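>
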Amino acid sequence: MQEINFLEKYQKSTQRDYVARVVNHDKSECAAKAKLWGHDYWDGERQYGYGGYHYDGRWHSIAVDIAKHYGLKAGDKVLDIGCGKGFLLYELTQVVPGIEVTGMDVSSYAVEHAKLEIKDRLHVGHCSKLPFPDQSFDFVYSINTFHNLSIDELESAVREMERVGKQHKWCNIESYRNEKEKANLLYWQLTCESFHRPEGWRWLFQQWGYQGDYGFIYFA
223 MQEINFLEKY QKSTQRDYVA RVVNHDKSEC AAKAKLWGHD YWDGERQYGY GGYHYDGRWH
283 SIAVDIAKHY GLKAGDKVLD IGCGKGFLLY ELTQVVPGIE VTGMDVSSYA VEHAKLEIKD
343 RLHVGHCSKL PFPDQSFDFV YSINTFHNLS IDELESAVRE MERVGKQHKW CNIESYRNEK
403 EKANLLYWQL TCESFHRPEG WRWLFQQWGY QGDYGFIYFA
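Numbering (the working numbering), first residue to last: 223 to 442.
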């Protein structure tokens, strides 16, 4: 396992007012709406989630970095667990022509409003039970999904990720290193169920047999 932060560029481009999220709105109501994973979460007001999750090309440089690091090539099969609207998968098809991509997300809204070029490659489902044979994919990744799972779902999802991947794997998770980052995470999050320091995540990965790489997002 290796810690890799492919999302540093993306993280720096996102502005967050942590205190406003708990002061200006009913946090419990916003979280309840967010966990429906529908319009409010993806394309509604900012207090419910993304505040409009649209394609803007920012995933392209991340796709370049991922493809280069893992040596992705034409014919490789890639799975995105928690793919959302499929923007990163789309960028991977542009960076690596001939790559075969598949995405899965719990949100039917996200899949219905996915990037048209790859919409037919996306499926609605839960990551704790993937409908794919063992070792189906050359590269499996999951971005900002696993921390939204309860501990029992999380174990199943991590084991499933390991099962369907035959080579490279990478997951990115929200975490914290100190009390300030923990407070900011608690202020900002709407959908998190699993809160752990980096060493806690590493311990869980080892317990569940995960052999892939990982990265963390911190709310500094």
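Glycine included, C-beta positions come from ideal geometry on N, C-alpha and C. As the structure is a prediction and not an experimental result, all values here were calculated from the model.
Could you check the C-alpha separation between N366 and V244 for me, to the nearest Å?
C-alpha separation (whole angstroms): 21 Å.
> Taking its Cβ as the centre, do 16 or more other Cβ atoms sit within 10 Å of K444, making it buried, or is it exposed?
Lying outside 223 to 442, the shown extent of the chain, residue 444 is not represented and no answer is given.
> Measuring CB to CB, does L314 end up less than 7 Å from I303?
no
> Considering only the alpha carbon of each residue, which of I288, G308 and H345 lies closest to E339?
The option with the nearest alpha carbon to E339 is G308.
> Let me make sure I understand the geometry here. Which of L301, E251 and A253 has the alpha-carbon closest to that of V386?
L301
> Considering only residues of the same chain and omitting the five flanking positions on each side of L229, which have a CB-CB separation below 8 Å?
I284, I365, N394, G437 and I439
> One question on the structure: do W392 and Y363 come within less than 7 Å of each other, judged by their Cβ atoms?
yes
> Taking the straight line between their C-alpha atoms, what separation do you get for G260 and D356?
Approximately 31 Å between the Cα atoms of the pair.
> Look at the Cβ atom of D262, then the Cβ atom of Y270, and state whether they are nearer than 7 Å.
Closer than 7 Å, so yes.
> Could you pull the DSSP bridge partners for L301 from this structure?
According to DSSP, L301 bridges with T324 and V362.
> Beta-carbon within less than 7 Å of C208's beta-carbon, same chain only, minus the 5 sequence neighbours each way: which residues are those?
This structure cannot settle anything about residue 208, because the visible part of the chain is limited to 223 through 442.
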